[in-house]
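Heads up: the sequence shown runs through residues 48 to 165, numbered per our numbering.
For each residue, glycine too, the CB sits at the ideal point set by N, CA and C.
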Amino acid sequence: MPYVPTEVQELSPESTTSQASRMVIDLTEEVQPDLPARHDEPTVTQVKTYVADQVRRWERVTTEFVASLTIEYSWPSPPSDFQNWWAAVMMTSEYIASRTRMKLGFLNGTLSGWHPTS
Numbered sequence: 048m049p050y051v052p053t054e055v056q057e058l059s060p061e062s063t064t065s066q067a068s069r070m071v072i073d074l075t076e077e078v079q080p081d082l083p084a085r086h087d088e089p090t091v092t093q094v095k096t097y098v099a100d101q102v103r104r105w106e107r108v109t110t111e112f113v114a115s116l117t118i119e120y121s122w123p124s125p126p127s128d129f130q131n132w133w134a135a136v137m138m139t140s141e142y143i144a145s146r147t148r149m150k151l152g153f154l155n156g157t158l159s160g161w162h163p164t165s
């Protein structure tokens with residue numbers, strides 16, 4: 048259980064100001080904090096070796112997958128017969144149009160008997 052003082056203490060203004068607030072800090076000098084040296088950081092030589100290996104790998108990959116610039120797009124010969132496709136499109140659009148007309152007619156007939164009550 049933590050210690051809890053039981054008596055009341057009178058504090059003077061000098062004792063309430065913290066030591067940090069009375070410190071003078073010089074901001075003109077750049078001070079680096081003392082960081083512990085890390086042993087797992089790569090050296091300059093290791094970084095250069097890694098980059099050189101990556102560049103070689105990228106160069107090897109890019110030269111393996113070069114696409115030919117002689118691609119030619121053309122229509123099949125003889126041209127495809129679009130009659131069956133066109134007939135299916137027309138039948139579908141006629142069906143959708145007839146269903147829409149039926150639904151609108153139904154709604155107009157149903158709603159025509161309704162009158163506002165206000």
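- Rounded to whole angstroms, the gap between the alpha carbons of Arg146 and Phe129 is 26 angstroms.
- In the structure shown, the three-state DSSP call for Glu88 is coil.
- DSSP places Ser140 within a helical segment (H, G or I) once states are collapsed to three.
- In the displayed model, Trp122 falls within coil according to three-state DSSP, outside both helix and strand.
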